[in-house]
Amino acid sequence: MTKYDVPSRDVLICPWCKLRQFVGTTNLCRRCRKRLPITFLDISLSSIDPHSLSSLVGNIVRELRQGRGYSQSVLASMIGSHRTHVSRIENAQLMPNLALLVRTAVALGVDKISIRVRD
Ligand SMILES: [Zn+2]
């Protein structure tokens, strides 16, 4: 694995003042301080109880889905799945595999899943 001294950073253009900027640790524009169209969701692995992982995933999927105004059926058809499958994921009865999780994330507008490694 190649190691970089400078971590990769995302660039975003503010929809209000058009300032092109690196995405920092907040979702506020560096110039006009308005909210950028981005939401961060940091999950600290050190604080995750492995048994609660499925409920964490389920809650995130539900929150994002409801935020987009999608029904479970709509999301299911977007990801090539069935409504009951989505329901079981949201209710932590089922842990989606990585491929399904990524499809779900894309359907819900997630544009980046980052993995941070501590040296
Ligand atoms: Zn701005």
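In the numbering used here, the protein residues as written are -4 to 114. A virtual CB, placed ideally from N, CA and C, is assigned to each residue, including glycine. None of the values given here were measured: they were computed from a predicted structure.
Just mark Pro91 as buried or exposed, buried being the case when its beta carbon has 16 or more other beta carbons within 10 Å.
With 16 or more other Cβ atoms within 10 Å, it is buried.
Sorry if obvious, but does the Cβ on Lys29 come closer than 7 Å to a heavy atom of ligand 1?
Lys29: yes, Cβ under 7 Å from ligand 1.
Under 8 Å by Cβ, that's how I've got Arg25 and Leu14 pegged, so tell me the actual separation to the nearest angstrom.
Between Leu14 and Arg25 the Cβ distance is about 7 Å, and since that is below 8 Å, they are a contact.
Please state the DSSP three-state secondary structure of Met(-4).
Confidence at Met(-4) is low in this model, with a pLDDT of 49, below 50, so the placement of that residue should be treated as unreliable; the coordinate-derived value is given next. Residue state, collapsed to three classes: coil.
How far does the alpha helix (DSSP H) with Arg28 in it reach, from first residue to last?
Run containing Arg28: none; DSSP gives neither H nor E here.
Comparing C-alpha positions only, which one of Val81, Ser76, Arg28 and Gly19 sits nearest to Trp11?
Comparing Cα positions, the closest option is Arg28.
With a threshold of 7 Å on Cβ separation, who are the neighbours of Leu7 within its own chain once the five nearest residues in sequence on each side are excluded?
Correct list, in chain order: Gln16, Val18, Leu31 and Ile33.
Using 7 Å as the cut-off, classify the Cβ of Arg26 as near or not near the heavy atoms of ligand 1, replying yes or no.
Yes.
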